[in-house]
Structure formats: C-alpha cells, structure tokens
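Participant: Last residue of the sequence shown: 226 (my numbering), numbering continuous.
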Amino acid sequence: MAFIPWLIFGVSVVFFYTIGKFFHWDLETKIATILCCGLGNTSFLGLPILRMLYGEEVTNSVLIVDQLGTFLCLAIPGFIVALRFQKDPNINGNPIASVLKKLFTFPPFLALLFSFFLRFFPLSESIYFVLKILGETLAPIALFAVGFQMELGSKPKKSENFIQPLSIGLIYKLLISPIMIF
C-alpha cells in the first residue's frame, strides 16, 4: 500500500511534463501541477474519515502507509522536483548533496527518524496521553494556519492562465489517479 503514493507521483511527473510540453506551460506551472496533483495530504482528511468509518484500530497501519508512502514521496522525489525550479547556484552544482541537506534538515523527516528510534523505548502512559492529545491538535492547527495565510481579494499575477492546468490537474487527481489505484 505504501507504494501507491509513489506510483501516483511518478505517473504525475511523466503526465504533467508531457501535457505541459504539449500545451506550452512554463516550468513553474509544470512543477506546481506535478507537486499539487502528484502528492496529497492524506493525513488531514483521510485519517479522521478512516477513524470514523473503521474505528481507532486502523490508525496505526494508516499512519505507517502515510509516513512511508506520501510523506517520504514528498520528502525525497518531491524535493527533487521542487529544487529543479529553484534558482539556487548551490543546487545546480551538487543536487544530491542539496537534496540530502534539505531532507535531513526538514523537521517532519527528523520527527519520523526520531519516532523510529523511540520505538525501542517504552513510553509511560502519561507521556503517551500527552503526545496523543498534541497529535490530535495537528489537523485543526494546520488548517487554521493555511487559512490564516490566505489573502482574499488579491489577484495572482498569472491568474488568467490557471484554468487549463487546474482543469487537467483536477481530472488527474479525481479521475486518473483513482483509476490507477483500483
């Protein structure tokens, strides 16, 4: 199951690069559609829905699939695609070192490594309880933070050219990628 986000992302790279070339999209648009449509933030909406439908017992397996699937897909090939657009001279000189540096300084990746290390140490019930409550605040805080950054009423520079990539991206995300999975 953890391979599915990797498959969807890999196909999105080929799909949007090819479609982008055909429709003469700039590099920025190609990379934005690859990242937005090839990856999905499955934890924020998926985890509460699965808990509601199947109960608390699915949480552990879902988190493992999410961390090893979607998160690592974002952290490794997602960084590579994002760095392809960045105009940093250090990246062009040694892209592998740059990706590794960004990966090992990315706080969520460090938390994932730390969690693997913590599995060897038993946590007391009180520490587990506090961590569980903190974890349950993640989705509301993240959604609030994203909403807080939105600027209503401001018009993006390239707003007139977004309909075609948006439409194709939605077709990929809502039609093509589910067909690939099933």
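Note that the Cβ used here is the ideal one computed from N, Cα and C, for glycine as well. These numbers come from a predicted model, not from an experiment.
1) Could you compute how far the alpha carbon of A46 sits from the alpha carbon of L210?
2) Kindly provide the ranges of any alpha helix (DSSP H) runs that are 4 or more residues long and lie completely inside the stretch 147–206, ordered along the chain.
3) Could you tell me the distance, in whole angstroms, from the CA atom of E169 to the CA atom of I223?
4) Short of 7 Å in beta carbon distance, which residues of its chain neighbour K74, apart from the five on each side in sequence? Order them along the chain.
5) Measure the Cβ-Cβ separation of L91 and F53 and say whether it is below 8 Å.
6) Verify whether the separation of the beta carbon atoms of L157 and F123 is less than 8 Å.
7) What residues in its chain sit with their C-beta under 6 Å from that of W50, if we drop five residues either side in the sequence?
8) Any idea what DSSP makes of M224, helix, strand or coil?
9) Going by CA-CA distance only, name the one from D70, S159, C80, P184 that's closest to S56.
10) According to DSSP, simplified to helix, strand and coil, what is F59?
11) Does F153 pass the burial test, meaning 16 or more other C-beta atoms within 10 Å, or should it be called exposed?
12) What is the rounded straight-line gap between the Cα of A155 and the Cα of Y172?
13) Is it buried or exposed for G213, if we count other Cβ within 10 angstroms and need 16 for buried?
14) With G122 as the anchor, note down where its alpha helix (DSSP H) starts and where it stops.
Facilitator: Checking against the coordinates, here is how it stands:
1) In the sequence shown, the residue the question calls residue 46 occupies position 2. In the sequence shown, the residue the question calls residue 210 occupies position 166. Distance between the alpha carbons of A46 and L210: 27 Å.
2) Taking only runs of at least 4 residues, the alpha helix (DSSP H) segments lying wholly in the stretch 147–206 are 151–162, 169–180, 182–193.
3) Taking the first residue of the sequence shown as position 1, residue 169 is located at position 125. Taking the first residue of the sequence shown as position 1, residue 223 is located at position 179. E169 and I223: Cα-Cα distance of roughly 43 Å.
4) Stepping through the sequence shown from its first residue, residue 74 is reached at position 30. These residues qualify, in order along the chain: F60, Y61, G64.
5) Translated into positions along the sequence shown, residue 91 becomes position 47. Translated into positions along the sequence shown, residue 53 becomes position 9. Cβ atoms of L91 and F53: not closer than 8 Å.
6) For the purposes of this step, residue 157 is taken as residue 113 along the sequence shown, with counting starting at 1. For the purposes of this step, residue 123 is taken as residue 79 along the sequence shown, with counting starting at 1. Cβ atoms of L157 and F123: not closer than 8 Å.
7) Working through the sequence shown from its first residue, we reach residue 50 at position 6. Closer than 6 Å at the Cβ level, and outside the excluded window around W50, lie C117.
8) Taking the first residue of the sequence shown as position 1, residue 224 is located at position 180. DSSP places M224 in helix when its eight states are reduced to three.
9) Here residue 56 refers to the residue found at position 12 when the sequence shown is read from its first residue. Considering only alpha carbons, the answer is C80.
10) Walking along the sequence shown from the start, residue 59 turns up at place 15. Here F59 sits in helix by DSSP.
11) Along the sequence shown, one-based indexing puts residue 153 at 109. Per the 10 Å Cβ criterion, buried.
12) As a working note, residue 155 is residue 111 in the sequence shown. As a working note, residue 172 is residue 128 in the sequence shown. Whole-angstrom Cα-Cα distance: 16 Å.
13) Residue numbering aside, residue 213 sits at position 169 when the sequence shown is read from its first letter. So G213 counts as buried.
14) Locating residue 122 in the sequence shown gives position 78, counting from the first residue. Per DSSP, G122 belongs to no alpha helix (DSSP H) and is neither H nor E.
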